[in-house]
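Protein chains in written order, with numbering that gives the first Met the number 0: chain A, 0 to 852; chain B, 0 to 320; chain C, 0 to 333; chain D, 0 to 185. Here is the structure we will look at.
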Amino acid sequence: MAECHPVGFQWVMEAKARGATVVHVDPRFTRTSALADLHVPLRAGSDIAFLGGLVNYVLTHEKDFREYVLAYTNAATIVGEEFRDTEDLDGVFSGLDRENRSYDPMTWQYEGAVVQAASGERDQEYEERTEAESTIREAARGEAHGAGGAGVSGEIHTDETLTHPRCVFQILKRHYARYTPEMVEQVCGVPQETFRRVCELVTENSGRERTTAFAYAVGWTQHTVGAQYIRTASILQSLLGNIGRPGGGILALRGHASIQGSTDIPTLFNLLPGYIPMPHAHQNETLDEFVQAEGAEKGYWGNLRSYLVSLMKAWWGPAATEDNDYAFGYLPRLTGSHSTYETVMAQLEGTCHGYFLMGENPAVGSANAKMQRLGMAALDWLVVRDFSLIESATWWKDGPEIETGELRTEDIGTEVFFLPAAAHTEKSGSFTNTQRLLQWHRQAVEPQGDARSDLWFTYHLGRRIRAKLAGSADEMNRPLLDLTWDYPVHGAIAEPDAEAVLAEINGSGPDGRPLSAYTELTDDGSTSCGCWIYCGVYADGVNQADRRKPRTEQDWVAKEWAWAWPANRRILYNRASADPDGRPWSERKAYVWWDGQKWTGHDVPDFEPGKAPDYRPEEGAKGPDALSGTDAFIMQADGKAWLYAPAGLVDGPLPAHYEPHESPFTNPLYSQQSNPVRQVIRHPENRYQPPGSEVFPYVTTTYRLTEHHTAGGMSRWLPYLAELQPEFFCEISPELAAERGLEHLGWATIVTARTAIEARVLVTERLTPLRVGGRTLHQVGLPYHWGPNGLSTGDAANELAPVVLDPNTHIQEVKAMACDIRPGRRPRGPALLEFVREYRRRAGITDETGMEM
Amino acid sequence: MSPARMGFFTDTSVCIGCKACEVACKEWNAIPEDGLKLTGMSYDNTEGLSADTWRHVAFIEQRKPVGLAEPGVDHAGPVPDSGTPPAEAPMTPTTPATDALPSSLAPRELVPRPHSARSSARRSGPGGELRWLMASDVCKHCTHAGCLDVCPTGALFRTEYGTVVVQEDVCNGCGYCIPACPYGVIDQRKDDGRAWKCTLCYDRIGEGLTPACAKACPTESIQYGPLDELRARAAERITRLHDVGVTDARLYGHDPDDGVGGDGAFFLLLDEPEVYGLPPDPVVTTRDLPSMWRHAGAAALTLLGGLAAVFAAHGRTGGRR
Amino acid sequence: MTGSEAGGELPGREALVGKGPGRRKGRRGGRGERAMVPDATFTSYYGKPIINAPVWEPLDIAGYFFLGGLAGAGSVFAAGAQLTGRPRTARALKISSLVAISGSLVALVHDLGRPARFANMLRVIKPTSPMSLGTWLLTAYGPAAGAAAVLDVTGLFPRLGRVATAGAATLGPAVAAYTAVLAADTAVPAWHEGYRELPFVFVGSAAAAASGMALIAAPAEENAPARSTAVFGAALEVTAAKLMEHRLGMIGETYRTGRAGRLMRAATALSAAGAAGAALLGGRSRTAAVLGGAALLTASACTRFGVFAAGMRSAEDPKYTVVPQRRRLEADAG
Amino acid sequence: MRGWLESWPVYRQFRGEDRSGRGESAMSRRTAELRPRVGTADRVVKSVCPYCAVGCGQDVFVKDEKVVQIEGDPDSPVSRGRLCPKGSASLQLTTGSARRYDVLYRRPYGTEWERLSLDEAMDMIADRVIEARERGWQWEEDGARVRRTMGFASLGGATLDNEENYLIKKLFTALGAIQIENQARI
């Protein structure tokens with residue numbers, strides 16, 4: 000955190016000054032470790048074992064916050080009889096379809112009820128939920144349909160004594176029983192003594208009076224089991240009563256100014272604004288069927304139809320009517336995954352002809368960077384919008400494939416447009432930060448030359464396309480021509496008014512006035528709202544994201560600084576900060592509470608303001624009304640924090656340790672080596688290494704340095720940052736240096752089945768060998784900021800990474816890979832290809848390697 | 000009434016080595032880039048203060064001997080101390096803390112020190128546990144400033160805030176201030192010829208603003224304010240650290256009775272000054288100036304007297320040859 | 000190093016620490032029990048120097064020291080020669096002083112980062128700055144030396160010429176000596192710590208240079224004082240340098256080793272040879288006088304360049320900064 | 000004459016209290032008139048750091064319609080006026096030499112960049128989008144209506160504003176594109 004979010008780390012230092020203990024778990028010793036009370040180096044890719052060990056410790060030593068667990072989690076819920084755990088099936092869950100590499104999740108459901116997830120994969124039980132007969136064969140794994148015919152809802156069974164063998168609590172206990180300190184030591188390389196210390200620190204600091212927070216970043220997400228890493232932390236934190244309370248939580252430290260906003264208002268294939276799923280292709284699907292399939296009976300997702308209809312009204316205005324299902328049919332449909340990596344495959348296959356890159360540099364920033372470049376070389380046209388000539392704009396001229404002779408500039412047919420982008424000082428708009436805070440940045444000056452904002456670009460591109468297609472009667476153009484696309488512009492360059500766009504996102508009522516809360520949204524077409532969770536950001540016609548009341552003039556929650564979604568709440572699920580009766584768990588940790596009439600406190604309560612703790616829903620109540628006065632987790636279909644996830648994940652209801660796709664070790668926990676449903680891509684440029692290969696005996700992980708930003712587009716070109724970390728390097732331990740004859744400041748070549756890169760060597764004791772599985776493991780640290788362009792240069796670490804994805808998030812596994820390292824620079828030109836081929840030969844790599852389940 | 004003397008207190012125990020100070024300083028003062036060189040000195044690629052680096056963050060990878068070795072992990076090859084230039088080192092040089100006592104050879108302490116400074120790492124080895132010291136260095140704005148004293152043009156002057164500033168419109172690049180500084184701070188910019196160093200943001204503090212580095216510092220490792228207040232705060236901090244067992248902590252440059260009369264920018268360090276590249280006992284060179292003049296006077300008289308004697312002895316021409 | 004060693008009394012790395020002449024152990028132990036032997040171990044930041052070495056060009060600044068010495072001592076010598084009826088020697092040395100001081104001025108200006116701003120030297124009069132005082136000194140001395148030479152050569156205004164000669168002779172020793180203060184008034188260990196002897200080294204060197212010049216330029220019948228001066232100057236220079244080296248302790252090695260060592264040894268040898276040659280043979284042989292003079296001049300230059308090189312060396316190695324300061328601290332503590 | 004004399008530090012040295020010439024007597028006129036450019040800016044514009052997601056507040060100082068300084072906004076409860084090295088380099092990021100201000104064009108099989116006007120480029124891109132969209136158009140897939148194009152794709156960085164992302168998602172979805180992706184996936 001000190002390494003990548005230094006300014007955020009000031010709050011860790013504040014906490015430390017008030018007596019907090021900081022534990023840093025990371026393969027390398029970073030600037031965070033330097034300030035932590037305890038640094039715990041572990042093997043990259045073993046966190047589920049580590050966290051699972053913590054869960055086991057909590058359960059065996061009965062360190063859970065029992066009142067919280069009983070009231071707010073699904074610990075007591077009984078799971079259906081058909082469910083089989085990894086304990087029963089040696090590492091896999093029931094419902095595994097080996098042929099299609101996917102799970103049928105129906106057996107994971109609660110007894111007597113089918114619940115929908117608040118997020119994640121929601122289309123997987125489409126047919127069960129719509130009770131429709133269908134013959135469509137889904138293209139994507141993870142959306143395969145089961146044969147069961149369970150009802151869409153029902154009565155959830157519970158056992159408050161937590162003793163029923165099929166209650167979540169007991170399942171959890173059995174599942175994590177094998178995650179012992181001995182096992183943690185063997186899997187993670189963390190000595191038992193150290194691990195116990197962490198267990199004690201975490202549990203002693205959790206409960207009524209104290210809370211523990213977990214902070215993570217892409218070190219947890221960029222794995223083939225990334226979503227399950229976070230799930231493990233969720234289980235732990237829910238057991239300890241650390242969710243919804245001040246000083247608790249699982250905090251995603253996100254790495255880009257508006258990466259949170261980029262998922263809230265997603266430029267992601269599978270989502271519509273506000274985490275509404277993009278519709279999948281189903282036979283004659285109606286809006287109602289979609290809502291039934293994707294929404295929830297209970298909780299705020301019960302109002303999905305209002306959110307979606309309001310979105311359709313925002314986009315298609317008067318053209319979205321009750322008669323045409325509010326233009327629901329205008330939405331294009333998914334058939335499986337269309338993530339950025341599938342897009343590259345489509346480029347290589349020649350079905351995707353054009354590509355927009357807006358502030359993104361996949362030629363060095365995405366896994367298997369070579370595939371990205373080859374994909375671009377197969378395009379008809381490419382538009383790159385950035386500040387400088389990044390690698391993604393110049394690969395046709397000076398990319399690595401030109402050097403190896405795999406591509407010749409004269410043979411590349413891709414037409415490339417480079418359009419200079421405007422900086423944040425040259426445009427107005429909002430960023431959503433890592434704590435869901437929408438903060439407005441105001442335009443300071445006009446952009447120079449041809450530099451323009453992406454708002455300008457998108458608006459004017461749309462305007463031009465609409466003008467060119469105006470008058471077309473072709474049905475395919477209907478959604479485009481019916482689109483509400485008329486924003487006020489200002490200034491000499493006709494910049495669209497960002498605040499007008501924000502107002503559309505916020506939404507308006509029948510009278511055209513801005514809405515102030517998503518609870519005002521209706522499903523009858525009388526309200527419009529571009530992103531329901533952002534509803535209220537323009538309440539009263541005031542740009543709430545631009546609120547800047549100085550911190551010194553308000554309390555520590557600072558509710559009047561900017562605006563947090565939803566409803567300006569700073570801590571989600573904060574109902575859980577009070578006990579079931581609505582009293583704070585403790586005075587120290589008081590946050591929101593029931594004052595006898597209403598919910599009140601330091602923050603905006605994340606609960607219906609007037610719903611008393613003793614409220615119990617009537618039979619057959621729907622949506623928010625169906626939540627009781629103690630159902631703190633209001634977005635969940637059962638109002639509970641999920642220790643066990645009956646839906647939403649495609650790779651299991653409980654996290655289990657699987658080895659990374661490319662691991663030098665076999666899985667000590669189960670005979671199932673890796674996530675059985677991880678997403679693999681078969682391509683000659685994406686060859687995988689066999690697990691346990693002696694040719695690739697080391698583990699490498701990629702990471703950031705304070706001095707640079709992501710793939711370097713905003714840092715490698717700046718002299719003041721470039722001089723601080725002037726070139727690509729790898730970090731290794733003195734022991735590995737001795738083993739491989741690597742010299743401090745010399746060169747190293749790092750090899751995987753994809754390619755080899757070179758890096759200067761920093762031999763440092765900050766990297767430490769670990770004892771894993773009975774042998775010494777060396778890890779190679781690779782900061783991934785570099786590429787050949789700019790002032791600070793070097794090979795891109797992402798050249799090494801395979802495209803192998805988490806099946807839930809379709810995020811690549813770059814945080815744990817097996818590799819080889821040797822002294823000296825890498826071969827140049829065609830010799831590099833031969834060098835890598837030789838490695839593949841030695842490791843016996845074929846197109847089948849790594850494809851096994 | 001002249002304003003209070005202003006200064007920096009750099010508490011390295013909370014420095015996270017982010018280098019925001021280096022960049023903020025450069026942005027504010029429009030300082031040129033200082034070269035793109037990977038040094039191998041841990042994460043320090045600017046090497047030290049110079050004409051083009053007015054704030055510099057030192058990184059020291061260090062072993063803190065606590066006397067417990069990690070079984071099964073051998074450290075192959077010689078491991079030199081941080082005094083070793085990286086080119087001669089087989090690894091990022093680490094060193095045992097210079098003041099570590101054999102008495103600290105206690106079993107590895109895993110209990111976190113209560114809101115102490117930086118921890119030592121879990122990793123232990125033959126030298127002890129690893130810690131990573133970071134410290135942002137800057138011009139000390141000495142009470143008795145050698146650079147200022149020797150400047151022949153008045154380019155260097157002491158401001159109303161007690162700081163020492165070079166006036167870029169006056170400096171003629173004589174270079175005298177450069178070896179006069181006992182800390183090696185001020186330096187000549189090669190293509191420019193003039194001497195440059197930290198101004199403690201003279202232009203900013205004149206309007207009541209905080210110097211750029213202190214303003215940016217995320218963890219308040221760099222604190223700016225009236226020197227008296229800073230000294231009091233530092234004294235409090237050091238007491239607290241000592242109370243919780245951080246016995247390494249010591250102040251540097253805070254003492255008005257030291258060789259430079261105390262620094263306007265002083266530090267809390269976790270090891271001996273020289274580990275950070277700071278002189279252990281700096282003395283302003285001009286402290287000895289009167290004596291130097293006396294010796295020079297004596298020498299001049301010796302010359303005069305010697306020659307007078309020679310000529311007296313030889314007398315007029317035609318005399319004794 | 001092996002794991003087994005690590006369990007011993009002291010951390011195993013101990014033996015490898017310290018690039019200084021001694022071992023760290025002494026000082027470490029010295030914490031509790033005062034070490035008997037002065038400890039010369041030290042640590043540093045990656046071997047980086049603590050202080051900044053001068054950015055001066057050796058040719059400019061060592062040259063400036065040499066020429067200043069030659070000029071200053073030369074003016075005294077000229078006055079002496081004039082007073083004792085050695086007009087050719089007097090004229091020659093007046094000229095050489097003018098040339099030397101002009102040369103030194105050129106060197107000084109040349110070394111400035113911003114030569115066009117030389118005049119800024121006259122913005123202030125700073126008693127704390129030897130360079131400031133030196134500049135004002137030169138401002139007075141330069142015209143005096145110039146007038147002395149010009150009036151002597153042209154024969155104009157003889158009275159004024161005598162005043163100028165006397166003035167230059169009065170200021171001359173200061174010109175010859177102040178450069179030692181200039182060098183010593185820095186944090187450069189080899190200069191600063193030698194501030195007591197350095198002026199004597201410099202004036203000795205200056206006297207030797209002036210005598211050398213006189214031996215070369217003056218007729219044999221006038222060179223008796225030059226020969227004596229050669230002995231006086233050379234003896235002073237060499238003795239003072241030895242004393243300084245001794246007092247400097249470990250820093251003294253910067254004068255014995257490397258480039259500085261070679262220059263200082265050459266200076267000693269040339270001084271001795273020049274002075275001896277001049278004293279013994281210079282009265283009889285013009286050639287011997289010229290050779291001796293040249294040797295003395297070269298010796299003087301070698302001394303200046305040697306001092307300069309020793310200073311640079313002592314600045315570039317942190318040990319010369321750290322170890323003496325450490326010792327001082329420990330002496331204070333003890 | 001008097002003015003000149005008074006500007007001579009030596010004169011001031013002997014007139015004033017600063018006899019040693021180390022204090023105010025040595026001050027030049029430029030120094031005396033020195034003012035920070037944040038003090039002389041025409042306006043201060045409130046902004047947010049564009050690097051990571053901590054969301055530190057920034058003050059952008061503008062003089063003569065140019066950004067002259069960017070520093071932390073002390074009012075922000077997120078950052079309290081502090082910035083990391085990247086945030087501190089925002090001025091160089093936005094006004095430095097690395098920024099390009101011209102549209103560049105590489106024609107198919109071309110070996111060098113060419114210049115193109117922004118207007119022309121926008122027009123060409125619009126044509127290409129229309130063409131690729133039609134070429135990749137699908138009404139149905141395996142018998143189910145999909146109403147989409149696979150002809151073009153987009154990948155955005157996560158430094159885009161919410162409003163920008165909103166328009167991108169809205170326009171491209173209306174065009175039928177589904178391969179709309181973001182750094183958030185990576």
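Heads up, the beta-carbon is just placed ideally off N, CA and C, and yes, glycines get one too. Quantities reported herein were computed from a predicted structural model and do not represent experimental measurements.
The beta carbon of W53 of chain B sits no closer than 9 angstroms to any beta carbon of chain D. Contact between S78 of chain D and G56 of chain D holds, with the beta-carbon distance rounding to 5 angstroms and staying under 8 angstroms. Contacts between G20 of chain D and chain C, judged by CB atoms closer than 7 angstroms, involve V123, I124, K125 in chain order. The C-beta of R36 of chain D comes no closer than 9 angstroms to any C-beta of chain A. P513 of chain A sits in a strand when the DSSP states are folded into three classes. Looking at the DSSP output, R770 of chain A sits in a beta bridge with A:T775. Taking 9 angstroms as the threshold, the shortest C-beta distance from E163 of chain D to chain A falls below it. At a cut-off of 9 angstroms between beta carbons, E180 of chain D contacts chain A. By the criterion of a C-beta distance shorter than 8 angstroms, R196 of chain A is surrounded in its chain by L37, once the five residues flanking it on both sides are discounted. With 16 or more neighbouring CB atoms inside 10 Å of its own CB, N119 of chain C falls in the buried class.
For E220 of chain C and G68 of chain C, the gap between their C-alpha atoms comes out near 25 angstroms. For L226 of chain B against G263 of chain B, the beta-carbon gap comes to about 6 angstroms, under 8 angstroms, which counts as contact. Annotation for Q57 of chain D: the continuous beta strand (DSSP E) segment containing it runs 56-62. Uninterrupted alpha helix (DSSP H) stretches at least 4 residues long and entirely within the region 450-512 of chain A occur at 453-468, 477-481, 497-505, given in chain order. In this structure, S87 of chain D sits away from A57 of chain B, with a CB-CB distance that is not shorter than 9 angstroms. The region 347-408 of chain A is shown to contain whole beta strand (DSSP E) runs of 3 or more residues at 353-357, 380-385, in chain order. A Cβ-Cβ contact shorter than 9 angstroms links A420 of chain A with S452 of chain A. Of the residues assessed, S49 of chain B falls on the buried side of the cut-off, its CB having 16 or more other CB atoms within 10 angstroms.
Bridge partners of P2 of chain B according to DSSP: none are assigned. Secondary structure of V53 of chain D (DSSP, three-state): coil. Of all alpha-carbon atoms in C:N51, C:A52, C:V98, the one lying nearest the alpha-carbon of A209 of chain C is that of C:V98. Take the alpha-carbon of A362 of chain A and the one of A625 of chain A: they are about 49 angstroms apart. Two segments are said to touch when three or more pairs of C-beta atoms, one from each, lie closer than 8 angstroms; by this definition the region 356-371 of chain A touches the region 797-811 of chain A. For the 9 angstroms CB-CB criterion, R4 of chain B and G161 of chain B form a contact. DSSP places S153 of chain D in the uninterrupted beta strand (DSSP E) bounded by 151-155. Cβ-Cβ separation between A266 of chain C and A288 of chain C: approximately 20 angstroms, too far for a contact (criterion under 8 angstroms). F28, R30, S32, A33, L34, A35, D36, L37, H38, V39, P40: these are the residues of the region 23-40 of chain A whose beta carbon lies less than 7 angstroms from some beta carbon of chain B, given in chain order.
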